[in-house]
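Enquirer:
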Amino acid sequence: MNHTKTFMLLAAMTALFGVIGYLVGGLPGMAIAFVVAVGLNIFSYWNSDSIVLRSYRAKPAADFGDNARVAAYLEDTRRLAQKAGLPEPKIYIIDMTQPNAFATGRNPENAAVVATTGLLNMLSRDEVAGVMAHELAHVKNRDTLTMTVTATIAGAIGLLANFALFFGGGRERGGLIAGIAIAILAPIAASIVQMAISRAREYEADKAGAEILGDPEPLARALAKISGQSELMPDNYTEQHQSMAHMFIVNPLAGRSGDNLFSTHPATQNRIEALMALKGSVSGAQSFASETQAPEADVSPWLAMRNKRKKGPWG
């Protein structure tokens, strides 16, 4: 159902682009805007993973494998990738108190999964595994490609809207007033469709993640624990770069919640109910021992590095 919904939303966005393109500049204007948008998004597609990882100062989890929580995170993610039939992804950690996670990369062969230190500290081992199964499901479903296509069309619509503002939409197509209306309404409509596609992909990744793990309950528990934490532990970088919000498993932006038109994520309770409805219909649950979880109170790799530095005579 969510695959069908995604296809229909992409078709609607493509149709919106065609209509707006014709209203603004006829066929030539539409073609120019589309070529420019495609060029920008191809660059983003090939470089988005490295850009995002550098932006959040992500560090390879293998560098901190002496921490029991990190070691469990590495082991379980690799095991889940193998079960899902995926190449082993690059596995990273970012030092962020907000519990969250995301996947990036242009295809399964170049994928990376990322967990925050806040997520590893807050969740039990099987809950972390549930979250990583969700992220691996994004990789398996090639959602980064879907969102790149969506961004391409949305970007083209944004360019067309700017053309409308400067060129008035063409005298035969309504003039200045029509141009202003297109400039205001077109990007809003594109954003709504883009966010709806993002929400559909979250539901699909929840379902596929539960199937990879073999049990929907750990992911449901994880979502219940980490949802809403952005309001208590806001991340300044993501607040300043809100275009990255759709990548995360739960909305990382403070003060935004609910399954509404302008939310990049479905309401958490809706997701939990959909997951628990799968109980009994998925099988092959794996055991994730918890004894390796307890020793560390903080898995921040930066804190670990500071603790390893040679201390002076005063401590």
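Numbered by this note's numbering, the letters in the sequence shown go through residues 672 to 986 in order.
For each residue, glycine too, the CB sits at the ideal point set by N, CA and C.
#1: Cβ of Ile-853 within 8 Å of Cβ of Ile-691?
#2: Return the CA-CA distance between Ser-934 and Leu-687, expressed in angstroms with no decimal places.
#3: Inspect the beta-carbon positions of Val-799 and Ala-808 and report whether they are closer than 8 Å.
#4: Name the DSSP beta bridge partners of Val-785, please?
#5: Could you work out which residue in Val-723, Asn-833, Leu-790, Thr-748 is closest to Met-915 when comparing CA atoms only?
#6: Would Gly-696 be called buried (16 or more neighbouring beta carbons within 10 Å of its own) or exposed?
#7: For a test of the three-state rule: what should DSSP assign to Ser-731, helix, strand or coil?
#8: With 16 other CB atoms within 10 Å as the buried threshold, where does Thr-675 fall?
#9: Alpha carbon to alpha carbon, what distance is there between Tyr-744 and Ala-965?
#10: Straight-line CA distance for Ile-762 to Tyr-693?
#11: So, Leu-790 versus Ala-772, is the Cβ gap smaller than 8 Å?
#12: If we count the other Cβ atoms within 10 Å of its Cβ and call it buried at 16 or more, is Asn-718 buried or exposed?
#13: Output needed for Lys-979: all residues of its chain with C-beta closer than 7 Å, excluding positions within five of it in sequence on either side, in chain order.
#14: List the whole-angstrom C-beta distance separating Met-793 from Ile-920, where the pair is believed to meet the contact cut-off of C-beta under 8 Å.
#15: Please report the straight-line C-alpha distance between Glu-873 and Ser-721, rounded to a whole angstrom.
#16: Spatial neighbours of Phe-705 within its chain, please: CB distance less than 6 Å, with the 5 preceding and 5 following residues excluded, ordered by chain position.
#17: Could you please give the first and the last residue of the uninterrupted alpha helix (DSSP H) stretch that includes Pro-779?
#18: Between Ala-891 and Asn-812, is the Cβ-Cβ spacing less than 8 Å?
Expert: So, to answer that:
#1: For Ile-853 and Ile-691, yes; Cβs fall inside 8 Å.
#2: One C-alpha to the other measures close to 20 Å.
#3: For Val-799 and Ala-808, no; Cβs fall outside 8 Å.
#4: BP columns for Val-785 point to Tyr-763, Phe-773.
#5: Closest by C-alpha distance to Met-915, out of Val-723, Asn-833, Leu-790, Thr-748, is Val-723.
#6: It is buried - the Cβ of Gly-696 has at least 16 other Cβ atoms within 10 Å.
#7: Looking at the sequence provided, one finds Pro at residue 731 rather than Ser. Secondary structure of Pro-731 (DSSP, three-state): strand.
#8: With fewer than 16 other Cβ atoms inside 10 Å of its own Cβ, Thr-675 counts as exposed.
#9: Any reading at Ala-965 must be qualified, since the residue scores a pLDDT of 42, below 50, and its modelled position is unreliable; no value is offered.
#10: Taking the straight line from one Cα to the other gives about 45 Å.
#11: With respect to Ala-772, Leu-790 sits close: the two C-beta atoms are nearer than 8 Å.
#12: Burial call: exposed.
#13: At Lys-979 the pLDDT is 49, less than 50, meaning the model places this residue with poor confidence; the figure from the coordinates comes in the next sentence. Once the five neighbours on either side are set aside, Lys-979 has no close Cβ partner at all.
#14: Actually they are not in contact, since the Cβ atoms of Met-793 and Ile-920 sit about 13 Å apart, beyond 8 Å.
#15: For the pair Glu-873 and Ser-721, the Cα-to-Cα distance works out to about 23 Å.
#16: Around Phe-705: Ala-827.
#17: From DSSP, Pro-779 is part of no alpha helix (DSSP H); its letter is neither H nor E.
#18: With contacts defined as CB atoms closer than 8 Å, Ala-891 and Asn-812 fail to qualify as a contacting pair.
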